[in-house]
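Protein chains: 2
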Amino acid sequence: MFDPLQTVTHDITIRRATRADLQSIVDMLADDPLGATREAAGPPADPVYLAAFEAIDSDPNQFLAVVENDTAVIGVLQLTFIPGLSRKGLWRGQIESVRVHKSARSLGLGQQLFDWAIAECRARGCGLVQLTTDRARDDAHRFYDRLGFKATHLGYKLGL
Amino acid sequence: MFDPLQTVTHDITIRRATRADLQSIVDMLADDPLGATREAAGPPADPVYLAAFEAIDSDPNQFLAVVENDTAVIGVLQLTFIPGLSRKGLWRGQIESVRVHKSARSLGLGQQLFDWAIAECRARGCGLVQLTTDRARDDAHRFYDRLGFKATHLGYKLGL
Numbered sequence: 081m082f083d084p085l086q087t088v089t090h091d092i093t094i095r096r097a098t099r100a101d102l103q104s105i106v107d108m109l110a111d112d113p114l115g116a117t118r119e120a121a122g123p124p125a126d127p128v129y130l131a132a133f134e135a136i137d138s139d140p141n142q143f144l145a146v147v148e149n150d151t152a153v154i155g156v157l158q159l160t161f162i163p164g165l166s167r168k169g170l171w172r173g174q175i176e177s178v179r180v181h182k183s184a185r186s187l188g189l190g191q192q193l194f195d196w197a198i199a200e201c202r203a204r205g206c207g208l209v210q211l212t213t214d215r216a217r218d219d220a221h222r223f224y225d226r227l228g229f230k231a232t233h234l235g236y237k238l239g240l
Numbered sequence: 081m082f083d084p085l086q087t088v089t090h091d092i093t094i095r096r097a098t099r100a101d102l103q104s105i106v107d108m109l110a111d112d113p114l115g116a117t118r119e120a121a122g123p124p125a126d127p128v129y130l131a132a133f134e135a136i137d138s139d140p141n142q143f144l145a146v147v148e149n150d151t152a153v154i155g156v157l158q159l160t161f162i163p164g165l166s167r168k169g170l171w172r173g174q175i176e177s178v179r180v181h182k183s184a185r186s187l188g189l190g191q192q193l194f195d196w197a198i199a200e201c202r203a204r205g206c207g208l209v210q211l212t213t214d215r216a217r218d219d220a221h222r223f224y225d226r227l228g229f230k231a232t233h234l235g236y237k238l239g240l
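Protein sequence lines correspond, in order, to chains A and B.
Just remember that the working numbering sits 80 ahead of the position in the first sequence, which is counted from 1.
Just remember that the working numbering sits 80 ahead of the position in the second sequence, which is counted from 1.
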C-alpha cells in the first residue's frame, strides 16, 4: 500500500518504527515542556509504552514513523488513517505525537517530516490531513500555518 | 470488548450501524448547514458511502453507532479508538460525524448519545476522549462545554 522506507533530502531516512526505536521515541516525547509532565521515560521506559507500541504496530491504519540520520533516531510522528462517511466517504490522515530531537531542531527536518506525512496520506487515498495542537504551542501554530494548514476547528478533550 | 447493544432512557436504542442504516445516516450528514455543501445524499446515496461504510465496519477500532427510536434512525456518531505512545501509552477515543435528526433535536438525545460514547471509550480503556468541531458551530461548543470537554487545542486541517 505504501513504501515503508523513503529517503528524502538532508541525509535522513523516514521509516516505520521498530521496537528497537522505542526508548529513543519515548525520550523525545518526554523532552518537551508539555510532555515532561506526562511521560515516564526512564530508562527503562515504563512497560506501558511497549504495549502501546504493539497496538500501533499491529493496526494497519497506524503508521508510527521515525526519522533517523547516520547515528540516531531524531524524529517521530504517528499517522492514523481514519475511514469515515462524512464528506462523501472521505479518508482522513491524522497526525499525532510529532517530535524532533532537540539536537536537530531548526534544520528543516519538521518540514521534511510533514512533506513525507502528507505524501503518505495522499498515497493512502486520504482527502484531508488533520491534527490538533495545544493552544500553548505558538511555534507549532506558525509552522502549521506555513505548511498551508487552516485552524478551522476547535480541539476539545475530556480526560477519563 | 463492549456490548454492541445498549438501551438507555428516552426509549431509544444505541447500536452498531448496519448497511441498512446507510441512507438514513447519509441523509442526516447532508441535512446540516455545513454538511449540505459536502455530501451527495441522493437517494440513491453516492456509492462512495458504501465503500466508506465497509471500511469502517471491517476495522475493529471503528464503531459507527446509530440511535433509533420505535420508527427510525434518529442519530449517528462515529467512534475511533486510537492507540498511541504519548501520555504513557494512552488510548484515545475520537468522536466524529455526530448528527441528531432534526425531528429529534432539543430532546436531550445528544446528551444520551455522548454519555453512551464516553462510557464506550472508558470500557475500551481510553484515557481521553477527543473531537474537533468547526469554529462556526457555536451551539456545539456550548454543548461540549456543558459535557465537561475543554477546548484546549486548535484543530488544523489541510485539504488534499
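Ideal Cβ placement from N, Cα and C applies to all residues, glycine included.
Since we're looking at a predicted model, the values are computed, not measured.
Taking 7 Å as the limit between beta carbons, can you name the residues of its chain near residue i, skipping five residues before and five after?
i: A220 of chain A; result: T213
i: M81 of chain B; result: A caution first: M81 of chain B carries a pLDDT of 37, below 50, which makes its placement in the model too unreliable to give a value.
i: L227 of chain A; result: F194
i: R99 of chain B; result: F133
i: P123 of chain A; result: Q103
i: A182 of chain A; result: Strictly speaking, residue 182 of chain A in this sequence is Lys, with Ala absent from that position. Here the set comprises D111.
i: L109 of chain B; result: G115, E119, S177 and R179
i: A125 of chain B; result: L102, Q103 and V106
Just the C-alpha distance for residue i and residue j, rounded to the nearest angstrom, thanks.
i: A145 of chain A; j: A145 of chain B; result: 31 Å
i: L234 of chain B; j: V209 of chain B; result: 15 Å
i: L102 of chain A; j: E148 of chain A; result: 13 Å
i: Y236 of chain A; j: F229 of chain B; result: 6 Å
i: I105 of chain B; j: R202 of chain A; result: 26 Å
i: T232 of chain A; j: R215 of chain B; result: 6 Å
i: T160 of chain B; j: E176 of chain B; result: 8 Å
i: A116 of chain B; j: F223 of chain A; result: 32 Å
i: D112 of chain A; j: A120 of chain B; result: 44 Å
i: I136 of chain A; j: G239 of chain B; result: 25 Å
i: I162 of chain B; j: D139 of chain B; result: 12 Å
i: A97 of chain A; j: D107 of chain A; result: 14 Å
i: D225 of chain A; j: D218 of chain B; result: 24 Å
i: E200 of chain B; j: Q192 of chain B; result: 12 Å
i: S166 of chain B; j: A131 of chain A; result: 12 Å
i: G207 of chain A; j: V128 of chain B; result: 13 Å
i: L189 of chain B; j: Q142 of chain B; result: 21 Å
i: G155 of chain A; j: A184 of chain B; result: 48 Å
i: K168 of chain A; j: K168 of chain B; result: 35 Å
Got a sec: is the Cβ-Cβ distance from residue i to anything in chain A below 8 Å?
i: T232 of chain B; result: yes
i: R99 of chain B; result: no
i: Q86 of chain B; result: With a pLDDT of 47 at Q86 of chain B, under the threshold of 50, the modelled position of this residue cannot be trusted, and the question is left open.
i: E200 of chain B; result: no
i: R118 of chain B; result: yes
i: G188 of chain B; result: no
i: G155 of chain B; result: no
i: V180 of chain B; result: no
i: A131 of chain B; result: yes
i: G207 of chain B; result: yes
i: R96 of chain B; result: no
Leaving out the 5 sequence neighbours to the left and right, which residues in its chain are closer than 8 Å to residue i when beta-carbon positions are compared?
i: D91 of chain B; result: N149 and D150
i: G164 of chain A; result: L170, W171 and R172
i: A197 of chain A; result: A145, L157, L159, G173, I175 and V209
i: V88 of chain A; result: Since pLDDT at V88 of chain A reaches only 47, below the 50 mark, its modelled position is unreliable, and no value is offered.
What residues match up with residue i in a beta bridge as DSSP calls it?
i: G235 of chain B; result: A:T212 and A:H233
i: A144 of chain B; result: It is worth fixing the name first, because residue 144 of chain B is Leu in this sequence and not Ala. Paired residue(s): B:Q158.
i: V180 of chain A; result: A:G155
i: Q174 of chain A; result: A:T160 and A:Q210
Taking 8 Å as the CB-CB limit, is residue i close to chain B?
i: S166 of chain A; result: yes
i: E148 of chain A; result: no
i: K237 of chain A; result: yes
i: I162 of chain A; result: yes
i: I105 of chain A; result: yes
i: T93 of chain A; result: no
i: M81 of chain A; result: In this prediction, M81 of chain A has a pLDDT of 37, which is less than 50 and means its spatial position is unreliable; what the coordinates show is noted afterwards. Output row for M81 of chain A: interface = no.
i: A203 of chain A; result: no
i: S183 of chain A; result: no
i: T212 of chain A; result: yes
Sorted by chain position, which residues of the same chain lie with C-beta nearer than 6 Å to residue i's C-beta, five sequence neighbours on each side aside?
i: V153 of chain B; result: D101, S104 and V146
i: L211 of chain A; result: I175
Inset, instruction - Give, in chain order, every unbroken run of the alpha helix (DSSP H) that is at least 4 residues long and sits entirely within the stretch 92-127 of chain B. - result: 102-110
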